[in-house]
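Q:
Numbering (my numbering), first residue to last: 36 to 156.
(1) Take the Cβ of residue 139 as the centre, count every other Cβ of all protein chains shown within 10 Å, and call the residue buried at 16 or more, exposed below.
(2) Does the region 73-91 come close enough to the region 130-144 that 3 or more CB-CB pairs lie under 8 Å?
(3) Mapping the DSSP letters down to three states, classify residue 97 as helix, strand or coil.
(4) Within the same chain, show all residues whose beta-carbon is closer than 8 Å to that of residue 113, passing over the 5 residues directly before and after it, in chain order.
(5) How should residue 117 be labelled, buried or exposed, when 16 other C-beta atoms within 10 angstroms of its C-beta is the threshold for buried?
(6) DSSP state of residue 51, grouped into three classes?
(7) Would you call the region 63-74 and the region 39-48 touching, i.e. three or more CB-CB distances under 8 Å?
(8) Could you spell out where the alpha helix (DSSP H) holding residue 39 opens and where it closes?
(9) Residues in its own chain within less than 7 Å of residue 136 by CB, not counting five upstream and five downstream?
(10) Measure the CB-CB distance between residue 82 and residue 105 and report whether it falls below 8 Å.
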């Protein structure tokens, strides 16, 4: 198992989604991808449509709340690989793993991967 420290997990749990979201947007737009594509990826993972996403941003929710309200895609466990130095499938903290799923999807989008591959279809 890829163990993350309690301190690391707490930091991720308390991070606000709205503070990370603009970084996702910048990352994907720099590579020629669109906000619509970003929202499609987020919706695939969480079930949140754009309206719900905007509400969560407005409410300044933490990642804890963000993923408590999410309806995680059944195929999320197919997201594998290394992100931020951690092998996703080996992360032992459920919330940290979910956040890394999202990071990995955004990363794949920015790297120009085909949408059907990103959405594990």
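Note that beta-carbon positions come from the ideal geometry of N, C-alpha and C, so glycine has one too.
Given the structure is predicted, the values throughout are model-derived calculations rather than measurements.
A: In this structure, then:
(1) That one is buried.
(2) Contact check between the region 130-144 and the region 73-91: three or more CB pairs, one atom from each, fall below 8 Å, which counts as touching.
(3) Of the three classes helix, strand and coil, the one that applies to residue 97 here is strand, per DSSP.
(4) Excluding the 5 residues flanking it on each side, residue 113 has same chain C-beta neighbours closer than 8 Å at 155, in chain order.
(5) Residue 117 is exposed by the Cβ-count criterion.
(6) DSSP places residue 51 in strand when its eight states are reduced to three.
(7) No: fewer than three Cβ pairs fall under 8 Å.
(8) It is not in any alpha helix (DSSP H) - residue 39 carries neither H nor E in the DSSP assignment.
(9) Answer for residue 136: 80, 111, 114, 123, listed in chain order.
(10) Cβ atoms of residue 82 and residue 105: closer than 8 Å.
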